[in-house]
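No gaps in the numbering here: position 331 of the sequence shown is 340 in the numbering used here, and each next residue is one more.
Reviewing the structure listed below.
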Amino acid sequence: MLAAGGTGVLALLAAWVYSAEPPASEPPSLLAASGTGEKEDERRPAPEAAAPAPKPPDPFEKTVTPFLAAYCNKCHGPDTDNGGLRFDKYQSTADVQGDRKTWAKAMQYLELGAMPPPDHDKQPDAKSRESVVRYLDKTLFDIDCDLVRDPGRVTIRRLNRAEYNNTIRDLLGVDFQPAKNFPSDDVGEGFDNIGDVLSVSPLLIEKYLDAAEQVASKAIVPVDPFTSRNRKFTGGQFNKNLGVNAQGSSFGIFSRGHVGIVIEFPSDGEYVFRINASADQAGPDPARLKLSVDGKGVKTIDIKSKNRGDRQNHEHKLKMMRGRRRIRVAFINDYYKPNDPDPKLKGDRNAYVHAMEVVGPLEVKPEDLPRSHRNLIRFRPGKDRTAKEAARANLTPLMRRAFRRPVTSDDVDPVADFVAKATAGGEAFEAAMQIGLQAILVSPHFLFRVEHGQPDKDSNGNKTLTDFELASRLSYFLWSSLPDDELFRFGPSRTDCTDRTCLPHRHAACLGPSAIPIAGRQLRRPMVEPQDPGRTDPGSEEVPRFH
Numbered sequence: 010m011l012a013a014g015g016t017g018v019l020a021l022l023a024a025w026v027y028s029a030e031p032p033a034s035e036p037p038s039l040l041a042a043s044g045t046g047e048k049e050d051e052r053r054p055a056p057e058a059a060a061p062a063p064k065p066p067d068p069f070e071k072t073v074t075p076f077l078a079a080y081c082n083k084c085h086g087p088d089t090d091n092g093g094l095r096f097d098k099y100q101s102t103a104d105v106q107g108d109r110k111t112w113a114k115a116m117q118y119l120e121l122g123a124m125p126p127p128d129h130d131k132q133p134d135a136k137s138r139e140s141v142v143r144y145l146d147k148t149l150f151d152i153d154c155d156l157v158r159d160p161g162r163v164t165i166r167r168l169n170r171a172e173y174n175n176t177i178r179d180l181l182g183v184d185f186q187p188a189k190n191f192p193s194d195d196v197g198e199g200f201d202n203i204g205d206v207l208s209v210s211p212l213l214i215e216k217y218l219d220a221a222e223q224v225a226s227k228a229i230v231p232v233d234p235f236t237s238r239n240r241k242f243t244g245g246q247f248n249k250n251l252g253v254n255a256q257g258s259s260f261g262i263f264s265r266g267h268v269g270i271v272i273e274f275p276s277d278g279e280y281v282f283r284i285n286a287s288a289d290q291a292g293p294d295p296a297r298l299k300l301s302v303d304g305k306g307v308k309t310i311d312i313k314s315k316n317r318g319d320r321q322n323h324e325h326k327l328k329m330m331r332g333r334r335r336i337r338v339a340f341i342n343d344y345y346k347p348n349d350p351d352p353k354l355k356g357d358r359n360a361y362v363h364a365m366e367v368v369g370p371l372e373v374k375p376e377d378l379p380r381s382h383r384n385l386i387r388f389r390p391g392k393d394r395t396a397k398e399a400a401r402a403n404l405t406p407l408m409r410r411a412f413r414r415p416v417t418s419d420d421v422d423p424v425a426d427f428v429a430k431a432t433a434g435g436e437a438f439e440a441a442m443q444i445g446l447q448a449i450l451v452s453p454h455f456l457f458r459v460e461h462g463q464p465d466k467d468s469n470g471n472k473t474l475t476d477f478e479l480a481s482r483l484s485y486f487l488w489s490s491l492p493d494d495e496l497f498r499f500g501p502s503r504t505d506c507t508d509r510t511c512l513p514h515r516h517a518a519c520l521g522p523s524a525i526p527i528a529g530r531q532l533r534r535p536m537v538e539p540q541d542p543g544r545t546d547p548g549s550e551e552v553p554r555f556h
């Protein structure tokens, strides 16, 4: 369970095991009985047990033993053990595998042609030498996974910073790097994805909570985007500079002063800005205001009122991008000539802003909404659907991808309850869905690659990975992110393909055009220099092609 604050602790205990299928059991022995019916019963003897299948010949005896006898045992045998090495003591492939270091060196010498030495009276032909090298390469370096009976303990892995960013991007489709403010990942053996060193600190938990809130605000429009709203801002809601004098709920703007406010725009679209203003006129021109958005001037407003009491509304339609925007109203043509002899030019020009209204969005089409919003909110409450039912329909496919496995009502219903309670408390359904998304993003099932394995254990107590878990391992190895739809399609079915026939398809699905560069970066980064391979310059003599 996640908890915010300095004492928050995230604790997960899980087993990550994988093994091959257990060995087939011996068939039970059978007893058969029969009788003639006229003579006394006679029990026929049990049939003799079938002779065990002959063991396949050991390739060591066919390939290596004659080679050693012909070319090696003279110097490395019972009579002479040069270098303390005797090859005559090795009688089988098992003996070779039991002394890998010695035989790996022997293989190297054979490949180089250094053994037997050039001055030896007998030299093997190229075919014999190649045959022994090929046998040693297969024996020493090929692994038979069916022989693996105990995969050992594998620590559950937390998503590191790169994996977190990639997973958020592929899950929600938002262009955002929420993990940039996370603490640096611990490194083990030069890699930053080792489960045993990826600890969870109270600070990291706080960052998870902050990131979940930021991601949810970017992925979902927090209010009903199809309902136009009218928001009015006055007085203390604005901030101001020194050239502004507050007068009740209004502002007198002098000497090129300005007032500003930050407004949240729920979606892209057209909005009406209605500014209620007046002015003390002086000089040849009317008082003039400039409306700016995020520091960029978008409209110039001429105030033609006769005096500060003559308040007038000035409406302007603007296309706004979704998000928080800094809105500023500035007085841009101050005029001060109190002693000018010409009555038409004499005076002090000032502007007054009494209120500002923002109405909109005026009309929003579904395609105007962010893609993340359209993907996450496909169902809304209505006459035939409660808020919880709509939330469950939206959350189920999302949680399936976020947790990288099938989800049940036990997973979905608690989050749907969050959404339903928020809407009952007055939140818009979209804002309530933001809360549900935050709950998903701080779940251990999202932050960790949780693996339960298949229900049945083998004879050694190990479990086999499910297809979803295997797909997840492949995708995080190759592109440091969650499986895509192509890989997820392999998960539900074990009836139409076996592990061995499905695996090539899974690999092919992973190896898209962007997979290899990502995998290369992830592997290169710790091996060259953690997080910054560009700073390492190989020497010109050692790697001339680099230069």
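Note that beta-carbon positions come from the ideal geometry of N, C-alpha and C, so glycine has one too.
Computed from a predicted model, the values in this text were never measured in an experiment.
- Residue range 296 to 302 is occupied by the beta strand (DSSP E) that includes L300.
- In the structure shown, R401 adopts helical secondary structure according to DSSP, grouped into three states.
- Rounded to the nearest whole angstrom, the C-alpha separation of A339 and G318 is 19 angstroms.
- Within the same chain, and ignoring the five residues on either side of F69 in sequence, the residues whose Cβ sits closer than 7 angstroms to its Cβ are S101, T102, V105.
- Non-local C-beta neighbours of A113 in its own chain, meaning closer than 7 angstroms and more than five positions away in sequence, comprise L149, ordered along the chain.
- Spatial neighbours of G306 in its own chain (CB-CB distance under 8 angstroms, excluding positions within 5 residues in sequence) are listed in chain order as K299, L300.
- For the stretch 316 to 363, the full-length beta strand (DSSP E) segments reaching 3 residues or more read 321 to 329, 332 to 340, 344 to 346 along the chain.
- Going by C-alpha positions, Y173 is about 48 angstroms away from V141.
- Secondary structure at E439: helix, using DSSP grouped into helix, strand and coil.
- Take N285, set aside five residues on each side of it, and the residues of its chain with a beta-carbon closer than 6 angstroms to its own are R320, N322, H363, A364, in chain order.
- In this structure, I229 and I386 form a Cβ contact; the two beta carbons are roughly 7 angstroms apart against a cut-off of 8 angstroms.
- In the DSSP assignment, Q256 falls within the beta strand (DSSP E) that extends over 253 to 256.
- For V428, the uninterrupted alpha helix (DSSP H) run begins and ends at 418 to 433, by DSSP.
- Counting along the chain, the unbroken alpha helix (DSSP H) around N175 starts and ends at 170 to 181.
- Its chain contains P192 as the residues whose beta carbon lies nearer than 7 angstroms to that of L212, once the 5 sequence neighbours on both sides are disregarded; these appear in chain order.
- One alpha carbon belongs to T72, the other to G92, and they sit about 24 angstroms apart.
- If you draw a straight line from the Cα of S287 to the Cα of N316, it is about 7 angstroms long.
- Take S259, set aside five residues on each side of it, and the residues of its chain with a beta-carbon closer than 7 angstroms to its own are Y361, V362, H363, in chain order.
- Judged by beta-carbon spacing, A425 lies within the 9 angstroms limit of K397, meaning their Cβ atoms are closer than that value.
- Within a 10 Å sphere around the beta-carbon of G391 sit fewer than 16 other beta-carbons, which makes this residue exposed.
- Secondary structure of K136 (DSSP, three-state): helix.
- The three-state reading of DSSP puts I165 in coil, since its state is none of H, G, I, E or B.
- R410 is the residue among R410, G462, D419, H454 whose C-alpha sits nearest the C-alpha of L496.
- With contacts defined as CB atoms closer than 9 angstroms, Y80 and P127 fail to qualify as a contacting pair.
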